[in-house]
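A short write-up of the structure that comes next.
Chains as they are written, first to last, in the UniProt record's numbering: chain H, 1 to 233; chain V, 1 to 555.
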């Protein structure tokens, strides 16, 4: 609350610039295929092949069966009859992250769960995409002021599409996924690194009580993670 | 509901209250008296908690430790044990245990009521009271590395919580074989399709059998109590209950808050609003049980195509009805203190028609479920006789709702501590004595029928209600400021069991302490009891039959 605690704010201007540059530059290296690497960049046929691959990717998405909170109920409804996400070639929930292309983050992320979710995300094969479902994945939503709540999924993993709502209706989720498919098919995507994953150099922190307490266990150049971001952007 | 109605008739003697009787029973153990709105409060020394609780349990019959509330005052810490009886819910007593500010140590109640295990861990985690003699006092909701106790008075929320990333590289203990090499440790969850959300079960298995099992919760601890303590009574708290038990049981949860706050501020709800409440809450119960049914079938035989979809189909209909009524599919925010926010949607005939259609189709749908689920040999082989929870064990863990009723405990707050319009209607409490996974499933399925009966009667009543008497809200002051130090603990029958709320007013328009007693929190504690020695798939079935929702377990 007091201004003494301001030093914890990270200077993220550089990150933001890079984010914007990457967005404007179009496709990122998530779309690089082995074939393309082998052939180099010029041949005409590979451009067409890339386009074909992107269309395929967008038209056959395997979702991760990943339930966190309230939104996962609406997500189940989206998969189930009536809304039936399968009509849009995105309706096969996979239980293992190693088989999934898309992770829908349906709910509030709290301090204890954030590292676990990061781990699940890391286990997914490239290219992978993230749909943030609901207000909690945007900013913490109704729980933003909670001591234990991470203020948005982007603090932990990069998010391609945000779907606002508390919870969003199934129609909204379908719209968001259709938008994502459109972007994938066009070879557009937000960059992989949107924000460094709750990291910063330990040396930048002022030596307050907690830091002193933990300092003995941590190397000078070790990284730290913060659970709550009081000054989170 | 006035306090006089709460007192069982036999016990009211001339000038002698229930509190006096109990104080007499405990004799010297009582060092002071308090009066809570729902029950007499007996103040006990922190080193005599077990003596007092043993006496109350064995001699006065208080066999249900409903909730443990911990809070910090300017000059002391306080743990409150809310005791009641399975046979007589309206007979309540609060055991208040103050401890000093500089050394908050209190005797653990775990030897008396096993449910106190988790409740006291939570009290330690969030408020910071230490319990002497507790078998395993460590954090339960927050990470081990957390600094401070967030619901304490001196907690500074803006102070960053820091942990090394290395500690988080792999936050869970690795799967590994036991020392002699014949057991194996496995993590089930926190991301696992069968854990119904973000539950982490630390399991030690010997071959296919579960040797040791411990649920690890807190992956969805969204600070609900803090949120409610920051909101004003009148409007700001009501949206949050929807998100505790988010499986469409929103209105049941809202009722818990509405009932508590209305009793606290002495608000009378018009009869017409009570009927609307009763009807919509029962619709929510059906929706909630449908999910329980669908996911249970999913857990037991991985059936994503038939029963799950059937259950979702019926849920969609309920959600449509509720959307017509409230304007939202899941987070209704429909109740207000003193009534509901608006009347039934126009044209009313169409709305009633819609509900009637649903109710007419329901028997056929249920028949279908019985065909496919309960009379299915595979499911019977998997569920009959597995996950056995004897009634005494269920009671000592404070199990309520379908879990208790599946163990033959005849306990339902809608009847035993009646609220709303339930006591005017004709319906039955469903009890099965199988004590196994199958009974719990049956209880839910039969409860759907009972709920349908209630809705039917409510619709009939609403249809004939005179047009000029449709009073949907009582007169409630714009700002509610209940008197300082009024304390109340009230519960309703949620979809999963007894959903209680404790509020202490501090004279402002926001609660001084807001504590949620979640039924799933207590029900989940029975999981080790049901699964140790059983096969892993039976453990998954037991977990499914408990029908937990992590938003309510962790709050």
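All residues carry an ideal CB built from backbone N, CA and C; glycine is no exception.
Just so you know, these numbers come straight off a predicted model, no measurement behind them.
Item: Members of the region 107 to 125 of chain H that neighbour chain V once the beta carbon cut-off is set at 7 Å; Value: 108, 110, 111, 112, 113, 115, 116, 120
Item: Beta-carbon neighbours of residue 129 (chain H), restricted to chain V and to distances below 7 Å; Value: In chain order: nothing, as chain V lies at least about 18 Å away.
Item: Residue 261 (chain V) versus residue 341 (chain V) - alpha carbon distance; Value: 16 Å
Item: Assigned exposure category for residue 29 (chain V) - 16 Cβ within 10 Å defines buried; Value: buried
Item: Inter-residue Cα distance where the pair is residue 190 (chain V) and residue 442 (chain V); Value: 28 Å
Item: Beta-ladder partner(s) of residue 491 (chain V), from DSSP; Value: V:500
Item: Length-filtered (3 minimum) beta strand (DSSP E) runs lying within the region 195 to 226 of chain V; Value: 200 to 206, 209 to 216
Item: Cβ of residue 91 (chain H) within 8 Å of any chain V Cβ; Value: no
Item: Pair within 8 Å by beta-carbon distance, residue 38 (chain V) and residue 490 (chain V); Value: yes
Item: Residue environment, residue 513 (chain V), which counts as buried when at least 16 other CB atoms sit within 10 Å; Value: buried
Item: Chain V within 8 Å of residue 99 (chain H), Cβ atoms only; Value: no
Item: Residues from the region 293 to 325 of chain V in contact with chain H, defined by Cβ distance under 9 Å; Value: 294, 295, 304, 308, 309, 310, 311, 312, 313, 315, 316, 319
Item: Of the residues V:213, V:66, V:97, V:389, the one placed nearest residue 438 (chain V), counting alpha carbons only; Value: V:389
Item: Residues bridged to residue 517 (chain V) [DSSP beta-bridge criterion]; Value: V:500
Item: Proximal residues to residue 71 (chain V) (C-beta, below 6 Å), its chain only, five neighbours per side dropped; Value: 78, 513
Item: Contact with chain H by residue 229 (chain V), beta-carbon distance below 8 Å; Value: no
Item: Inter-stretch contact at 8 Å, needing at least 3 Cβ pairs: the region 83 to 97 of chain H / the region 162 to 180 of chain H; Value: yes
Item: Exposure of residue 151 (chain V), with buried meaning 16 or more beta-carbon neighbours within 10 Å; Value: buried
Item: Ordered list of beta strand (DSSP E) runs contained in the region 52 to 126 of chain V, each at least 3 residues; Value: 64 to 72, 77 to 84, 93 to 99, 105 to 107
Item: Secondary structure of residue 150 (chain H), DSSP reduced to three states; Value: coil
Item: Nearest candidate by alpha-carbon position, reference residue 206 (chain V), set V:552, V:540, V:533, V:551; Value: V:533
Item: is_contact[residue 289 (chain V), chain H] using C-beta, thresh 8 Å; Value: no
Item: Classification of residue 132 (chain V) by the beta-carbon crowding that lies within 10 angstroms, buried from 16 upward; Value: exposed
Item: Three-way DSSP call (helix, strand, coil) for residue 340 (chain V) in this model; Value: strand
Item: Top-ranked residue by Cα proximity to residue 245 (chain V), from V:267, V:148, V:423, V:332; Value: V:332
Item: CB contact below 8 Å: residue 330 (chain V) versus chain H; Value: yes
Item: DSSP-derived helix/strand/coil call for residue 54 (chain H); Value: helix
Item: Neighbourhood of residue 116 (chain V) by C-beta distance below 7 Å, restricted to the same chain and skipping five residues each side; Value: 65, 68, 108, 109, 110
Item: Whether residue 297 (chain V) touches residue 307 (chain V) by CB criterion (8 Å); Value: yes
Item: Contact list for the region 139 to 152 of chain H against chain V, Cβ threshold 8 Å; Value: 142, 143, 145, 146, 147, 148, 149
Item: Cβ of residue 512 (chain V) within 8 Å of any chain H Cβ; Value: no
Item: Member of H:70, H:102, H:77 whose CA lies at the smallest distance from the CA of residue 123 (chain H); Value: H:102
Item: Contact set between the region 243 to 257 of chain V and chain H, restricted to residues whose Cβ is under 9 Å from the partner; Value: 243, 246, 247, 248
Item: Assigned exposure category for residue 268 (chain V) - 16 Cβ within 10 Å defines buried; Value: exposed
Item: CB-CB length for residue 528 (chain V) against residue 213 (chain V), believed under 8 Å; Value: 5 Å
Item: Residue 50 (chain V) beta carbon less than 8 Å from that of residue 112 (chain V); Value: yes
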